[in-house]
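Take the sequence shown: its letter number 69 is residue 88 in my numbering, and every next letter is one higher.
Every residue gets a Cβ at the ideal spot worked out from N, C-alpha and C, and that includes glycine.
Have a look at the structure below, then the notes.
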Amino acid sequence: MKVAIWIIGGVCLGLAMLFLIGAFGDTGFGLMVDGNVLPAALSYKSFGYDASLDIGLTSNGMTGLILLAVGLGCMISQNLGSWRHTDGY
Numbered sequence: 020m021k022v023a024i025w026i027i028g029g030v031c032l033g034l035a036m037l038f039l040i041g042a043f044g045d046t047g048f049g050l051m052v053d054g055n056v057l058p059a060a061l062s063y064k065s066f067g068y069d070a071s072l073d074i075g076l077t078s079n080g081m082t083g084l085i086l087l088a089v090g091l092g093c094m095i096s097q098n099l100g101s102w103r104h105t106d107g108y
């Protein structure tokens, strides 16, 4: 097993979660109002659930989803062959 790929996968998954919850600026999903992205919770508070269809993916959300896919790909690729290194256990 290549430990580096496990670590890269874990870091990518962790960063993806941080991007999606808005640790680096806007949240991953939000409603654009007057040039500012409102988080989903604030848009529901202001506009009700009628605004659900207007919530879109922000640039942080796109980055988060890409990192999520890369992280899952790394973890899954390493899990596929891990049984060979443990003699089936």
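Partner residues in the beta bridge of G75, as assigned by DSSP, are G49. The stretch 62 to 80 makes no contact with the stretch 92 to 105; the number of CB pairs closer than 8 Å stays below 3. Taking C-beta atoms as the reference points, F48 and T77 count as a pair closer than 8 Å.
Burial is judged here by how many other beta carbons sit within 10 angstroms of a residue's own beta carbon; V56 has at least 16 and is buried. I74 and K21 have their C-alpha atoms spaced approximately 40 Å apart.
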